[in-house]
Amino acid sequence: MSRCENTKNVFEIARPWACGFGSGAVDILLTFPVNKLMFRQQLNNYTPSQAINALKNELKPLPFPRNVAHLYRGLIPPTFNRCLARMFTFGGYYNFKEIYSKADYLQNHVNIVNLCAALTSGTIESIFCCPFERLQTILQDDKSNRRYQNTWHLVKTLPMREYYRGIRPIILRNGISTFIYFQVYDKMSEITDNLFIRGAFGGIVATCYAYIFNVVRARQQSIVNSKESMLYRSTLFTLRVIFKERNNELHAMYRGFRFALLRTSMSWGITTWFYHKCYTYLKESDIS
Numbered sequence: 167m168s169r170c171e172n173t174k175n176v177f178e179i180a181r182p183w184a185c186g187f188g189s190g191a192v193d194i195l196l197t198f199p200v201n202k203l204m205f206r207q208q209l210n211n212y213t214p215s216q217a218i219n220a221l222k223n224e225l226k227p228l229p230f231p232r233n234v235a236h237l238y239r240g241l242i243p244p245t246f247n248r249c250l251a252r253m254f255t256f257g258g259y260y261n262f263k264e265i266y267s268k269a270d271y272l273q274n275h276v277n278i279v280n281l282c283a284a285l286t287s288g289t290i291e292s293i294f295c296c297p298f299e300r301l302q303t304i305l306q307d308d309k310s311n312r313r314y315q316n317t318w319h320l321v322k323t324l325p326m327r328e329y330y331r332g333i334r335p336i337i338l339r340n341g342i343s344t345f346i347y348f349q350v351y352d353k354m355s356e357i358t359d360n361l362f363i364r365g366a367f368g369g370i371v372a373t374c375y376a377y378i379f380n381v382v383r384a385r386q387q388s389i390v391n392s393k394e395s396m397l398y399r400s401t402l403f404t405l406r407v408i409f410k411e412r413n414n415e416l417h418a419m420y421r422g423f424r425f426a427l428l429r430t431s432m433s434w435g436i437t438t439w440f441y442h443k444c445y446t447y448l449k450e451s452d453i454s
């Protein structure tokens with residue numbers, strides 16, 4: 167194989183990773199405030215109006231631009247997290263899909279190939295992104311506003327072993343969510359060619375599966391007391407505690423779900439549109 171062909175193959179592999187990174191950056195900058203409201207509903211059992219009013223009360227006494235800085239407090243961890251996550255969602259999924267599709271025993275099993283690719287990329291994504299989700303969770307919790315001044319203060323304070331708190335529900339969430347998203351995205355091509363709509367629907371269906379794992383993760387990762395956090399190591403135990411705290415009401419477990427669907431439709435619509443436009447541009451320009 168010539169040097170030119172080797173370079174071209176590297177570009178082909180790198181292209182979905184680069185476009186995934188870019189789509190993640192654009193996504194988080196546009197949807198971060200909605201994500202903050204949704205998160206506080208998940209964690210504190212707020213209604214939508216309570217979450218909005220609580221955030222308003224925090225911002226009201228602050229002058230511009232401090233109020234904007236406070237609104238985007240904790241942006242750095244989710245920016246890294248979202249960029250890495252989208253890199254694995256697209257780059258990891260498509261690369262692993264190509265690898266698995268070459269296996270003789272999977273030649274005629276497209277859905278199994280897709281599932282294996284999604285589970286592999288989702289698991290690796292969990293390992294890389296869990297520390298950023300941990301930081302993001304603590305910084306978005308209004309109870310931590312006075313305890314930690316900023317991201318770097320938290321990084322210096324949090325013990326290394328605590329960065330992977332909550333990784334179990336993240337692993338349970340990521341792989342299947344990735345599989346659902348791509349399955350719905352592909353099926354939607356029979357109805358519409360609109361990238362935003364296809365991505366939005368894929369994200370919405372994936373969120374319906376993933377939401378309860380996010381509730382569990384938020385509780386586990388919001389705890390900064392090491393002794394208390396040991397009690398919440400089990401995903402099932404944490405789920406039972408939250409369910410009991412919310413008066414054994416199933417609908418209360420889905421606090422923030424409406425915000426989640428709004429954020430997800432925006433997030434995955436933007437991500438999908440940007441990714442495919444970026445990918446097409448780089449491919450036509452022969453740039454990686």
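Here the sequence shown stands for residues 167 to 454, numbered as in the numbering used here.
Just so you know, even glycine gets a beta-carbon here, dropped at the ideal spot from N, CA and C.
Since we're looking at a predicted model, the values are computed, not measured.
If the five residues before and after Val279 are omitted, its C-beta is found closer than 7 Å to the C-beta atoms of Lys263, Tyr266, Ser267 and Leu272, all from its own chain and listed in chain order.
For the pair Ile336 and Cys296, the CB atoms are nearer than the 8 Å cut-off. Rounded to whole angstroms, Met253 and Tyr441 show a C-alpha spacing of 10 Å. Here Leu196 really is in contact with Ile436; their C-beta atoms are around 6 Å apart, less than 8 Å. Here DSSP, grouped into helix, strand and coil, assigns Lys226 to coil. Looking at the backbone, the Cα of Tyr447 and that of Gly365 are separated by about 19 Å.
CA-to-CA, the gap between Phe187 and Asn414 works out to about 40 Å. Under the three-pair Cβ rule at 8 Å, the region 376 to 388 counts as touching the region 397 to 407. Taking the CA atoms as reference points, Phe177 sits about 30 Å from Ser431. Asn340 carries a helical assignment under DSSP once its states are collapsed to helix, strand and coil. A straight-line Cα-Cα distance of about 42 Å links Phe362 and Glu394. Under the DSSP assignment, Leu237 falls in the alpha helix (DSSP H) whose first and last residues are Arg232 to Leu237. At the C-beta level, Thr303 and Gln387 come within 8 Å of one another. Judged by DSSP in its simplified three-state form, Asp359 adopts coil rather than helix or strand. Spatial neighbours of Ser433 in its own chain (CB-CB distance under 7 Å, excluding positions within 5 residues in sequence) are listed in chain order as Asp193, Thr197 and Gly369. Only residues of its own chain outside the window of five on either side were considered, and among them Thr255, Tyr259, Ala284, Ser287 and Gly288 have a CB closer than 7 Å to the CB of Thr344, listed in chain order. Rounded to the nearest angstrom, the Cβ distance from Arg429 to Asn201 is 5 Å, consistent with a contact under 8 Å. Thr358 and Arg385 have their C-alpha atoms some 38 Å from each other. In this model, Leu221 and Pro229 are separated by some 15 Å (Cα to Cα).
Between Arg412 and Asn210, the gap from beta carbon to beta carbon reaches 8 Å or more.
Within the model, the alpha-carbon separation for Ser215 versus Arg181 is close to 42 Å. Cβ-Cβ distances below 7 Å link Arg239 to Leu305 in the same chain, with the five nearest sequence neighbours on each side left out; the list follows chain order. Shown here, Ile389 sits in coil according to DSSP, grouped into three states, outside any helix or strand. In terms of Cα proximity to Leu320, the closest of Phe298, Arg339, Gly341 and Leu338 is Phe298. Sixteen is the threshold: when 16 or more other Cβ atoms of the shown chains lie within 10 Å of the Cβ of Thr401, as they do, the residue is buried.
In this structure, Leu203 places its C-beta atom within 8 Å of the C-beta atom of Ala217.
Of the other Cβ atoms in all chains shown, 16 or more fall within 10 Å of the Cβ of Pro244; this residue is therefore buried. A straight-line Cα-Cα distance of about 29 Å links Tyr351 and Arg300. Annotated as distal: Cys444 and Cys249, with beta-carbon spacing of 8 Å or more.
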